[in-house]
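Asks: Numbering (the working numbering), first residue to last: 96 to 376. Glycine residues also receive a C-beta, built at the ideal position from the N, C-alpha and C atoms. Here the structure is a predicted model, which is why all the values come from computation and not from measurement.
1. Taking the alpha-carbon positions, what's the residue 369 to residue 218 distance?
2. Answer yes or no: do residue 228 and residue 257 have a C-beta to C-beta separation smaller than 8 Å?
3. Could you tell me how far apart the beta carbons of residue 153 and residue 215 are, in whole angstroms, since I believe they sit closer than 8 Å?
4. Taking DSSP as the reference, what is the three-state secondary structure of residue 296?
5. Could you check how far apart the C-beta atoms of residue 296 and residue 205 are, in whole angstroms? I think they sit under 8 Å.
6. Contact check, residue 184 vs residue 324 under 8 Å by CB: the rounded distance?
7. Applying the criterion that 16 or more other CB atoms from any shown protein chain within 10 Å of the CB defines a buried residue, is residue 232 buried or exposed?
8. Compute the distance between the beta-carbons of residue 155 and residue 236, then report whether it is under 8 Å.
9. Within this structure, are the beta carbons of residue 299 and residue 234 separated by less than 8 Å?
10. Which of the three DSSP states is assigned to residue 268 in this structure?
11. Whole angstroms are fine: how far does the CA of residue 288 sit from the CA of residue 332?
12. What's the C-alpha gap between residue 292 and residue 273?
13. Could you tell me which uninterrupted alpha helix (DSSP H) segments, each at least 4 residues in length, are contained entirely in the region 154 to 183, listed from first to last along the chain?
Written out as structure tokens, the structure reads:
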């Protein structure tokens with residue numbers, strides 16, 4: 096069960112001293128606390144040496160470029176099975192990872208980022224040699240944010256784009272304009288330090304009811320991950336896409352320290368598995 100990781104051309108595109116500094120801090124996640132202490136996640140300090148230009152304010156912040164670089168490095172370095180072993184709890188290694196690798200493939204790594212303007216951020220990606228697919232509206236992540244931050248859905252115009260990193264991999268970016276909600280600054284700071292929406296996505300090769308049921312059982316029963324939302328997005332793919340999010344305890348190993356969070360994607364609408372998933376939230 097081996098898989099050759101395709102070489103990526105994007106690693107060097109993100110490289111800068113500022114991005115490196117923000118990327119290391121963002122990828123590191125919260126620092127361990129003393130017993131009984133209150134955990135406070137670190138938020139990288141903004142650079143105040145120079146006032147940002149209008150384009151920088153409209154585009155992606157250095158903190159988000161650093162996070163993109165960290166995710167790009169992870170995607171380049173992992174196969175389907177090694178990515179599963181990285182995101183699943185240590186106790187689930189072995190049979191669960193091997194079983195999931197037989198029925199899914201590592202499809203993408205995902206981040207929520209906060210440009211001033213969507214079009215400026217897409218132009219910046221293009222300037223760095225990273226072609227982004229046309230954006231589509233988000234449904235699931237938008238609902239997650241509305242619930243977590245108690246912001247009306249209509250004030251959260253989240254869109255999705257994919258940046259190709261290899262023939263069969265991409266980086267999935269959820270873009271929320273930083274000016275779009277009264278709680279926008281609070282959302283950005285919380286996401287950059289805690290990585291709530293960061294996840295690894297695995298696409299089901301043959302999304303029929305039997306295989307979807309087996310994948311769900313493996314993730315929830317064998318690996319011990321909890322259902323963490325999901326839904327059907329009619330805007331993704333030719334026939335829409337069913338997405339199932341799961342979350343495990345703790346965080347991935349250093350240097351990433353992202354939540355143990357994965358997404359199972361299945362082409363088409365699969366209401367039966369969605370009902371089962373929602374019943375277990």
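Replies: So, from the data block:
1. 36 Å
2. yes
3. 4 Å
4. strand
5. 6 Å
6. Actually they are not in contact, since the Cβ atoms of residue 184 and residue 324 sit about 19 Å apart, beyond 8 Å.
7. exposed
8. no
9. no
10. strand
11. 31 Å
12. 16 Å
13. 157 to 172 and 175 to 182
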